[in-house]
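So the sequence shown is numbered by my numbering: it starts at 7 and just counts up by one.
For every residue, glycine included, the Cβ atom is placed at its ideal position computed from N, Cα and C.
Everything numeric in this text was worked out from a predicted model, so none of it was measured.
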Amino acid sequence: MSDFLADNNFCGQTILRLVSQGNAILADLLRLKETVPSIFRLEHKSDIQKYGEVLCDFSYFAGSEAFEKKLENSPSLSEVDQELRENYIELLSSFYFLFESIFKYVTELNRFIEDVHEGYYIQMSLETILYDKEGKQLLTESLFLYGVMLLLVDIHIDGVVRERMLTSFYRYAAGAFQTETHVDQVCKLFRATGYTKGKRPAGYPQDYFKRVPIDETFVQMIIGVLRSDDIYLQVGSAYPLPEQRSTAFAGQSSMLVIILFFTPMVLHSDNATMREITDKFFPDNWIVPVYMGFFINLVEGWDSFKSAKLALANTVETARVKQITGDKGPKVKLLIEETEKFLKEGLLTEENVLEKVSKVINLLRDCNVTLRWIILHCTPPTAVDGVKKMKQLRDTVLSEVKYDPEVTLKFLLNVAQLELKIKELFRKLLSEKRDRWNNYKIEANERIKELSEVFSGTKPLSRIERNDNLHRWLDTKAGQVDSLNFDEIKVSGRKLVELIRAFDEMLEFHGLESKVQVREWVTEIVACFNKMIRTGSINEDKLVTIQIVEDLGYAWGSIIDSYTPHMQKLIHNDPFAVSKLRAVFLKLSSAMDFPLMRIGQAKSNNLLVNVSSYYSEELVAYVQKVLQIIPESVFSILHKIIELQTNSIQELPTRLDKDKVKEFAQLEDRMKVSRLTHHMSALAEGILMMQTTLVGVIKIDPKKLLENGIRKELVRQVCQVLHTNLNFQLKGSGKDSELMSKLTIIAKQFDGILRSFEYIGDYVNSNGLKIFYEEFSRVLNFFTEQECNSFTKNKVLHFQSIYQSKEIPIPIQFISASPGSSSSPTNDLLDYSATTFLGRLANELISISDPKTSSFLTATSSWYDLKTHAALLTPDYFSVMEKGLGVSGLTGLDKILSFMIANHIQALTKFMRKELTEKNSVKDLLGSLEVQLSPHSRVVDYPLKKYLSWFKIIRSGSTLDCAVILQKIGQLQLLRKRIQYQLRVAASFQAKQLQNALGVVNSLMAEVQMSESCSRKSTTGNIPNDEVSNIAFETLNYSEPLGLYDPYAKIYITLEPIPNMATYLAVIVVNHLHKLVYSKSLGSLTCRKVSEPADGFPFVIGLSTLFFQCNPSQTFALVSLLCQYLNSMVVHLSATSNIGGGGTPNKEDVQDFSAAYYLLIILTRVHPRSSEISEWISQMVPCFRILSNIVNSVP
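Listed below in structure tokens is the structure:
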């Protein structure tokens, strides 16, 4: 048969591409398992409440019409369904295409088998393919990979979760994608099996494997080949000894375990076959590593199969286990001693390795066989270890072996180091093989010629007589040596053996053994010949053997991770042990060989890059995890140093008296600081000693690794500080002191961390302050983004965030479950459930400044308690907040408040639109008011009575109090205004030049836009409008952190016109005025009665904000209606109390009048179009300026 993998062999290339695709699918599966959306698990109560009725399993297909009708009839469920569609369609598509690729894989495998049976591949049958070395490997791997895919899908993605995801994909996107297979076939394959971690249903996994039938003959032939053949040729070359047989067949046994599930009858009832399999493949082992960290314990895996369980009983019986462990346990100590002998300084030289190469390889082989057994059978139990026999078995192994993880780690370190050094020496010898051989040849030739000259008499030596025969003989041998050719290494090797024998005979026949000088000369010549033979015998076979036996792929994942604490302990005690661990990491990278080998042979560059990148990133992440102990230790030391410098060591004054030098010296404390600093430097030096290492396709730079580790620990500490302190438990009184104390603690802790990073720079060779500010900003931006997800339909999942990093991940455990949304706009929307510490801080600020319990005073820009008049929230709070959270924190908080405002405006406008279009009583009223109140110069008779009657009609049956929402919007705007002011103050000190430059840019753009609006004539000097827009967008990212914006002038939503909105709100505003009164002492509108709390200033700001989202005509319509009410009140007061004639007016009427007047005054101050509104008010109320004197004259 021709080469099975040749490019022109269509059959070989087909199955090769299929197997390479299988390995790529498994890599995608392992990558995607980390991105399963948590809401599809419905683990949290909030998720069940919000998504439980929308996420459906395969029961959906039995009643799809009823389900869809239920969603259509419920606006809230439709909204949640739309949110799921928009946020998860891309992710659901990725998972569906993964499931579909597995189905297509097995379909193509069945098609290939069918084509082989039908003779589609000329001169190819299953028998001929299985006879070929590569063919039998590929066919076996193709079936094995499919079985692994099925098991890994079930392990990593629960059945019910799969059903929900597939159902959602079917509902959202099945019609949008042109899939080659039917969705129902994929659903049939991946419906729930009933398997959960710790629970295996009856008939599992064989029933699962039968869902897509595979040719029984093919499966039986594969099992037959696995039972009888050494398909990977491991026996003899890599593992020649009988006791190493189970290790030699390790890869083959893994495949056999999976493939046997396709023929459960063998496992159930074929005692002879199972006994043969167990005796050959599992005589001394029962833990089977399957694929990249997935392993099966046969005691549990075969527990439900009668024949398999009976056959395995011979291996796992107590006497047999004690016999096995009795061999393995004592061997560990001996092998550690042997490896340490070779690792001694100066012992591993090139000559020693060449001389003892067989002994070294045998030692490595023995070490790896023992290490493999110890690591696999002493590994911590998994969550699925449900069989009682398994625990007893493991306890027996641990006690008999006297397992110590630290000893095992030492063993692993020694073996890895020895392998690395041997491989490096072999690679060097292979690269220099020709030059070394030729140099030894030249040296031997020169020695022979020199000895020939001695016997010729040219170079006479004492007691050496001239011998012409030996002279001529040596010249002949020198010619033979000179004729040796490296390119004919085998022929030259035979000649060298003859030359060695000839020189030994020369000493014996000519009686020269007693001549010390001659004997030394001959010894040197023979030594050169031996070196030439050893150098010539160097080939890649020995290097390949080492690479085979050094495999550590079986420990990938959770097994090697169980040694992480011991590795970190070793590094903590000896930082320079990092260089030893480098060998372990390189040894672990051998796990990537199996999945990448076939992809490389298939010459699929895209798959090769994707798969190798994934596994390389996983290994680099593990390296970072192990070495993270160094940054953690550095931070721990830093805290001690900062504590000593802050609390113990006194700062030296500029002038110091001589008698106080000893007092300020504080030698003991300074010695402690020196020791701690030295330890910190040693830790950093330890990781920097690790050479730049290529792991897979990723190059690990020690300096970058240290910096990333420091960043990761910084991120963890920042998150921990903020999450711990920004938790508010107290309710009612005392909130202000709690918030201030927590903000002060945060500011103090971050100041300590900042000082630590300033101190750390020189000792760990990094820019500490730059690292601090970059990571601090990234953390706050990330949590701001996640908090804002609560307000948006298109959510940014944590792994999709631009602020999230795989190398330096931000912990997501600090994000709580998303709150459920209210079904309809009610006053409950004011109660917002935070998901991060920034949301909790926003809630606390809102709670403290609640208009129901506080009043805002513009003179001091502070909130005061309504009852006690104690200060609740002052500018000092925002100053301390800026110190603790920085500019990024304040900007993030401002963004959250902006989303809250937009949410409130959206809810309010949605409610009003529904009221004004669907509620007949309100529609009729507003229709009549349009007539009654037109024109707006008309005076309304008995305004108080009429407006009250109109309000009762509007308020009847309403679920939302618009005045409360407007007041809440204004409260949020005031908080934003305080944050904006604090940002501007901070920028004026810390970024004055940037602030000034941006101010100039903003002014220039304002002038450009003004000139464009005034004149539409295009000239050559004009800047294009799109360019102005781009500049405005770019400068926005700088303007907000610098406080160069006005919250009152922000467009939060795009608002479609609502008919009669101004009239509707005017009636509500007039009614709300009954709760307000103008206070001369406070200079603001405040509540008339404490029992009816209200705050006028935020109410007006909320009103202004709402109408700024509308067309300006709506604003002027509202102002006109309010002016009409003011005019009507003037007439009313004149008529009832003769206010112009000096009579005593009704107090409540005057309060209503003054409240209306000052509402308009405040509106002209806070609205972005204040000058236009003032002018409009002057036109509508000609005596507006005179009214202030009248209002102020009334007590």
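The alpha-carbon of GLN329 is positioned some 12 Å away from that of ASN320. If you draw a 10 Å sphere on the C-beta of ILE808, you find fewer than 16 other C-beta atoms in it, and that means exposed. Of the residues PHE1105, ILE766, TYR210, the one whose Cα lies closest to the Cα of SER310 is TYR210. Burial check for LEU340: the Cβ neighbour count within 10 Å stays below 16, so the residue is exposed. In the assembly as shown, ILE1057 is an exposed residue. Its beta-carbon has fewer than 16 other beta-carbons within 10 Å.
Here LEU732 really is in contact with ARG846; their C-beta atoms are around 5 Å apart, less than 8 Å. Here LEU658 has PHE670 as same chain residues with Cβ atoms under 7 Å from its own Cβ, once five neighbours each way along the sequence are excluded. One thing to note: GLN672 has its Cβ within 7 Å of the Cβ of ILE655. The C-beta distance from GLY18 to GLU140 rounds to 7 Å, short enough to fall under 8 Å. The Cβ atoms of LEU144 and ILE265 lie no closer than 7 Å to each other. According to the DSSP assignment, TYR297 belongs to the beta strand (DSSP E) that extends over 293 to 297. When DSSP reads this structure, ASN303 sits in a beta bridge with ILE293. Measuring C-alpha to C-alpha distances from ILE119 to each of ILE108, LEU104, LEU136 identifies LEU136 as the nearest.
Here TRP562 carries a coil assignment [DSSP, helix/strand/coil]. Along the length of the region 432 to 511, whole alpha helix (DSSP H) runs at least 4 residues long occupy 439 to 462, 474 to 488, reported in chain order.
In the assembly as shown, VAL503 is an exposed residue. Its beta-carbon has fewer than 16 other beta-carbons within 10 Å. Taking the C-beta atoms as reference points, GLY299 is found nearer than 7 Å to GLY563. Shown here for SER148: same chain residues with a beta carbon closer than 7 Å to its own, the five before and five after excluded, namely ILE21, LEU24, VAL25, GLY28, LEU115 in chain order. In this structure, ALA317 is the residue among LYS312, TRP308, SER260, ALA317 with its C-alpha nearest to the C-alpha of ASP285.
Relative to TYR948, the option among MET1135, ASN795, ALA12, PRO1065 whose CA is nearest is MET1135. Bridge pairing for VAL241: TYR245 [DSSP].
THR699: member of the beta strand (DSSP E) spanning 699 to 701, first to last residue. In this structure, DSSP gives ILE706 an extended state, which the three-state scheme calls strand. The bridge partners DSSP lists for LYS916 come to none. Burial of GLU921 is indicated by the presence of at least 16 other C-beta atoms within 10 angstroms of its C-beta.
A distance below 7 Å separates the beta carbons of PHE46 and VAL167.
The secondary-structure analysis by DSSP pairs TYR57 with nothing; it has no beta-bridge partner.
Burial check for ARG478: the Cβ neighbour count within 10 Å stays below 16, so the residue is exposed.
Along the region 766 to 791, the beta strand (DSSP E) does not occur as any fully enclosed run of 3 or more residues. In the structure shown, LEU11 adopts coil according to DSSP, grouped into three states.
For SER861, the enclosing beta strand (DSSP E) starts and ends at 860 to 863. For TRP308, no beta strand (DSSP E) segment is defined, and its DSSP state is neither H nor E. Under the rule that a run must span 4 or more residues, the alpha helix (DSSP H) segments found entirely inside the region 41 to 103 read 51 to 57, 70 to 79. Fewer than three pairs of CB atoms, one per stretch, sit closer than 8 Å, so the region 988 to 1005 makes no contact with the region 929 to 949. Contact between the region 870 to 878 and the region 803 to 817 is not established, with fewer than three Cβ pairs separated by less than 8 Å. The beta carbon of LEU1127 sits closer than 8 Å to those of LEU939, HIS942, ALA1068, THR1069, ALA1072, all from its chain and outside the five residues before and after it, given in chain order.
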